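Structure first, commentary second.
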Amino acid sequence: MRKSHVPMIALLVSTAPLMLAAAPAHCGTGARLPHYARQALPAGDGWASQGAGTTGGAAADQAHVFTVTNRAELAAALDNGSATPKIIQVSGTIDGNADDTGAPLSCDAYATDGYSLDAYLAAYDPAVWGMDEVPTGPQEDARAASAAKQAARVELKVGSNTTVVGVGRNPRLLGLDLQVSGSDNVIVRNLAFEDAFDCFPQWDPTDGDTGNWNSEYDNLVVTGSTHVWVDHNTFTDGRRPDADQPFYFGRIYQQHDGELDVVKGADYVTASWNAFTDHDKTLLFGNSDGAAATDAGKLRITLHHNLFQDIGERAPRVRFGQVDAYNNHYVVTDAADYVYSLGVGFHSQLVAEDNAFTLPAGVTAGRTIAYWKGTAMTEDHNYVNGRPADLLGAFNAANPATPIAQGAGWTPALRTRVDDPRSVPHIVDGGAGAGRL
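Under mature numbering (1 follows the signal peptide of the UniProt record, and there is no 0), read the sequence shown as residues -27 to -1, 1 to 410, first letter to last.
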């Protein structure tokens, strides 16, 4: 999703330990799974319940129920994105930046072809390179090659008919980018996704008025897939918050992309009871205004009972899709870091109802919405700091040059429970995120 260091480790691994590390543990015939491991999405619970619904790996036989504790075991259980029904239980912390023996890999371990950050900064300093062209040349080529090596470790494909679920205490995916790509019928639950970081951000002087550092890797990306349920997960930058990152060329050295993106013709997705915390650009639904051929009539997504705690923007930003956002709690504690919550993008059909916003002084109701070439949305019965608020009216009053009309042109029908927005902060804060099933 582009557009937006650490000693070298020798990778000397023999064949025998590699094969041993890659074998995931099977649950024995008599093993008891947590009650939620085979649980399907309830009927009527958002867009992912449309049609045949979403059952994930509920049909898995015992030979395809795995417990995994490291990256190699997780990769083996995923079976290169196979469609065989499977349940993958994640136990403990799995670090995506690790070799097949479990040894951690630093950014230097991926660096190749003479790449170094110092050399990259020297080559593309605006005083040297200028601001009119994207970087090209040896250091940019080396950066791209180094990034490809990291991608080969941290990107893992989730195939059809799969449930990936956390078990035990604090199941966590660290630095991984799970990709539900070209799949159908997938469930991802009860996991802490933390710090999917890019060792090799790209400088783009043409991005915006002053340039930007752009990075790869979402914690979870749904690409061209259908019937996906994302439930009771926690998404965070964890040990590597953006606030701690340095600035180069006057812009933050951004090593994070999104937390959950749904793009490229994906359809029928429900994201419920998740906690998204301390992140900048969080949910992107549709990644190009020019993607009508793949996205028009798709990107149907439900967001309900999610916590958005100190999210800078994109909660979500929508293009094309019919998106139903209800009963979510949006919490902002620092006005300086907040941009917006609801992005009304090109041909979007966003419905935002019965949500609760907890906003500090300096953040008005009108700031919760942003215009991204969208012309209409449905906004109704939302509360700010415990009181009814006309978010859309406040936005239009503050932005007369880019008004957004009331009425998305459709009415959501796939909802199982709608709570009073006055109760949403208590309900969502107490129930959203991993470890609360």
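Backbone N, C-alpha and C define an ideal beta-carbon position, used for all residues, glycine too. All values derive from a computational prediction rather than experimental measurement.
Nearest-angstrom Cα separation, counted from residue j out to residue i
i, j, result
"Ser396", "Ala248", "17 Å"
"Ala407", "Arg5", "20 Å"
"Gly75", "Asn206", "24 Å"
"His8", "Ser133", "21 Å"
"Val194", "Val63", "18 Å"
"Ala115", "Ala266", "34 Å"
"Trp102", "Thr179", "12 Å"
"Val137", "Ala216", "31 Å"
"Asp81", "Asp68", "16 Å"
"Tyr97", "Asp168", "27 Å"
"Ser261", "Val107", "19 Å"
Cβ-Cβ separation, residue j to residue i (assumed contact under 8 Å), whole Å
i, j, result
"Ser245", "Asn279", "7 Å"
"Gly148", "Val131", "Contact flag wrong, Cβ pair sits at about 16 Å."
"His105", "Arg162", "The residue asked about is misnamed: residue 105 is Asp in this sequence, not His. Not really, about 47 Å apart at Cβ, beyond 8 Å."
"Asp230", "Glu189", "6 Å"
"Phe281", "Ser314", "7 Å"
"Tyr344", "Asp327", "Wrong, their Cβ atoms sit about 23 Å apart, outside the cutoff."
"Arg290", "Phe258", "7 Å"
"Thr66", "Arg145", "4 Å"
"Trp20", "Val242", "6 Å"
Pick from the options that is closest to residue i, judged by C-alpha positions
i, options, result
"Arg151", "Asn53, Gly87, Arg290, Gly294", "Correcting the residue type first, residue 151 is Leu in the shown sequence and not Arg. Comparing Cα positions, the closest option is Asn53."
"Lys271", "Leu257, Gln282, Asp283, Arg292", "Arg292"
"Ala117", "Asp157, Cys172, Asp72", "Cys172"
"Ala405", "Pro(-4), Gly366, Tyr303", "Tyr303"
"Thr275", "Val41, Gly347, Thr384, Asp310", "Thr384"
"Asp393", "Gly359, Ala288, Pro144", "Gly359"
"Ile160", "Thr199, Thr179, Lys122", "Thr199"
"Leu125", "Asn143, Thr183, Ala48", "Residue identity differs from the one stated: residue 125 is Ala in this sequence, not Leu. The option with the nearest alpha carbon to Ala125 is Ala48."
"Val201", "Phe222, Leu323, Arg390, Asp18", "Asp18"
"Gly335", "Val153, Asp310, Ser321, Arg145", "Asp310"
"Ser156", "Pro58, Asp297, Gly223", "Pro58"
"Pro398", "Thr375, Asn355, Leu364", "Asn355"
Residue interval of the alpha helix (DSSP H) (run including residue i)
i, result
"Trp102", "99 to 102"
"Arg162", "Per DSSP, Arg162 belongs to no alpha helix (DSSP H); it is in the beta strand (DSSP E), 157 to 162."
"Val397", "397 to 404"
"Tyr83", "80 to 83"
"Leu47", "44 to 51"
For residue i, the first and last residue of its enclosing beta strand (DSSP E)
i, result
"Asn187", "185 to 187"
"Leu256", "256 to 258"
"His278", "Looking at the DSSP string, His278 is not in any beta strand (DSSP E), and its letter there is neither H nor E."
"Lys130", "128 to 130"
"Asn369", "Counting along the chain, Asn369 falls outside any beta strand (DSSP E), though it belongs to the alpha helix (DSSP H) covering 364 to 371."
"Pro144", "135 to 147"
"His302", "302 to 304"
"Leu233", "233 to 236"
"Thr267", "Thr267 -> not in any beta strand (DSSP E); alpha helix (DSSP H) instead, spanning 265 to 268."
"Ala343", "342 to 345"
"Glu106", "That residue, Glu106, is in no beta strand (DSSP E); it is neither H nor E in DSSP."
"His200", "199 to 204"
"Asp68", "59 to 68"
Residue i vs residue j beta-carbon contact at 9 Å
i, j, result
"Leu14", "Thr135", "no"
"Gln295", "Ala381", "yes"
"Thr337", "Ala288", "no"
"Gly366", "Lys346", "no"
"Phe170", "Glu232", "no"
"Gly197", "Ala239", "yes"
"Thr341", "Gln379", "no"
"Ala371", "Gly339", "yes"
"Asn301", "Val401", "yes"
"Asp91", "Arg44", "no"
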